[in-house]
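Asker:
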Ligand SMILES: [Zn+2]
């Protein structure tokens with residue numbers, strides 16, 4: 096196996112920027128941007144889904160692009176495309192670190208790659224209407240946004256800055272029930288059935304209708320096990 100690929104496991108629910116950032120950290124780079132520039136591609140370009148930078152990263156790891164595509168976000172102007180859905184800029188949180196502290200602490204206890212760099216950023220934590228950790232039933236925690244561009248997409252660098260507070264975040268985390276919009280948004284981004292007439296609309300339109308007009312979502316929340324299985328089995332359709 097390619098040395099970098101073997102260093103840390105890529106998870107199908109991880110953002111591509113998180114994976115690159117963790118590899119950079121594991122290789123001793125303070126910022127992913129420095130690592131990427133030494134490898135002759137742009138970290139920012141990778142984070143916004145520029146094809147050349149994405150392919151360069153895949154080549155560096157010795158994998159086909161499709162093996163990493165579940166973590167890709169393609170940003171063009173005010174629009175983001177991920178998991179085959181389109182969201183506008185108000186619905187994607189990119190500069191602030193948003194995490195479930197319980198998941199982050201759990202990650203380090205699992206045997207997936209080099210210790211100290213196992214915690215990873217879930218792609219869906221970037222999506223604003225998804226506010227509750229499905230696994231732990233607690234509200235996601237958002238650290239203050241950074242004003243330094245070099246930090247914007249650098250998951251590992253941002254996590255390192257608050258790592259000493261993780262236990263405190265976890266102990267203070269608040270139990271919260273997932274609302275219908277959270278469940279619906281997760282289902283559409285996970286390629287799961289979401290039985291609602293809202294499915295005929297672009298996802299961002301459906302979300303704004305629900306949030307601003309109060310349109311109800313006529314669906315039963317999928318069972319937890321249904322939500323997790325496709326993510327872990329890599330069955331998500333590649334983004335366009
Ligand atoms: Zn969690």
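Residue numbers (the working numbering): 96 to 335.
Glycine is no exception: its CB is placed at the ideal position from the N, C-alpha and C atoms.
When the Cα atoms are used, what is the spatial distance from residue 333 to residue 124?
Answerer: Reliability fails at residue 333, whose pLDDT of 34 lies under 50, so the model's placement of it is uncertain and the value that follows must be treated cautiously. Straight-line measurement puts the Cα of residue 124 at about 30 Å from the Cα of residue 333.
Asker: Hey, out of 300, 167, 301, 218, whose CA is closest to residue 192's CA?
Answerer: 218
Asker: Mind checking which residues open and close the beta strand (DSSP E) that includes residue 170?
Answerer: Taken as a continuous stretch (DSSP letters only), the beta strand (DSSP E) holding residue 170 covers 169-171.
Asker: According to DSSP, is residue 154 part of a helix, a strand, or is it coil?
Answerer: helix
Asker: Fully enclosed by the stretch 168-235, which alpha helix (DSSP H) runs are 4 residues long or longer?
Answerer: 196-202
Asker: With burial defined as no fewer than 16 other Cβ atoms inside 10 Å of the residue's Cβ, what is the status of residue 251: buried or exposed?
Answerer: buried
Asker: Suppose the cutoff is 7 Å on Cβ atoms and the five residues either side in sequence are ignored; what does the same chain contact list for residue 99 look like?
Answerer: Cβ neighbours of residue 99 beyond the five flanking positions: 118, 155, 156.
Asker: Nearest-angstrom Cα distance between residue 143 and residue 204?
Answerer: 30 Å
Asker: Can you give me the C-alpha to C-alpha distance between residue 301 and residue 285, rounded to a whole angstrom?
Answerer: The straight-line gap from Cα to Cα measures roughly 16 Å.
Asker: Give the range of the alpha helix (DSSP H) segment to which residue 101 is assigned.
Answerer: 98-102
Asker: My understanding is that residue 207 touches residue 104, with C-beta atoms under 8 Å, so please give their C-beta distance in whole angstroms.
Answerer: Yes, residue 207 and residue 104 are in contact; Cβ-Cβ is about 4 Å, under 8 Å.
Asker: I need the straight-line Cα distance from residue 190 to residue 181, nearest angstrom please.
Answerer: 19 Å
Asker: In this structure, how does DSSP classify residue 306 when only helix, strand and coil are distinguished?
Answerer: The three-state secondary structure of residue 306, taken from DSSP, is helix.
Asker: Is residue 183 near ligand 1, with its Cβ less than 8 Å from a heavy atom?
Answerer: no
Asker: Under three-state DSSP, which class holds residue 270?
Answerer: Here residue 270 sits in strand by DSSP.
Asker: According to DSSP, what are the bridge partners of residue 344?
Answerer: Examination of residue 344 is not possible in this model, given that the chain is present from 96 through 335 alone.
Asker: I need the residues with a C-beta less than 5 Å from some heavy atom of ligand 1; please give them in chain order.
Answerer: 195, 197, 198, 228, 230, 231
Asker: Excluding sequence positions up to five away, which residues of its chain have a Cβ less than 7 Å from the Cβ of residue 150?
Answerer: 160
Asker: Am I right that residue 221 and residue 116 are in contact with their C-beta atoms under 8 Å? What's the rounded C-beta distance?
Answerer: Residue 221 to residue 116, Cβ: 13 Å. No contact.
Asker: Report, in whole angstroms, the separation of the C-beta atoms of residue 231 and residue 198, which I expect to be a contact under 8 Å.
Answerer: 7 Å
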